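Numbering (our numbering), first residue to last: 828 to 955.
This is the structure we're talking about:
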């Protein structure tokens, strides 16, 4: 099996994932997976596609991720891994699709409008 390259996005985070056969090592931005994502929630999000398809220790993953915050980055990696697993075996799609792991979350930050305090919040109007 050659290296499979896929891209995942979430908010402003972009993750490039390179999947190859191996022992289950995950490297993110040249750091160990447990160092880059110290919380259990984020680790679960990243490993979710492997757990659902039963490929926990079959593939080595190298990730380049930038932009956004830690949650956005973890979800971008999850989308890219799901896409890569679908390319490896089309049967994985039947497991990942109902869980919503193949859908790109389109929600982005709404821009601030002029004459307002924030995107939707207005300046306080006071009558004297």
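Ideal Cβ placement from N, Cα and C applies to all residues, glycine included.
For clarity, every value in this text was computed on a predicted model and none was experimentally measured.
Short Cβ contact (8 Å threshold) for residue i with residue j
i	j	result
residue 907	residue 834	yes
residue 926	residue 869	no
Simplified DSSP state of residue i, which is helix, strand or coil
i	result
residue 937	coil
residue 847	strand
residue 854	strand
residue 944	coil
Straight-line Cα distance separating residue j from residue i
i	j	result
residue 916	residue 910	10 Å
residue 837	residue 901	9 Å
residue 840	residue 954	44 Å
Beta-bridge partners of residue i, as assigned by DSSP
i	result
residue 893	841
residue 832	845
8 Å CB neighbourhood of residue i in its chain, flanking five on each side removed
i	result
residue 905	835, 872, 873, 875, 876 and 928
residue 913	919, 920, 923 and 929
residue 943	949 and 950
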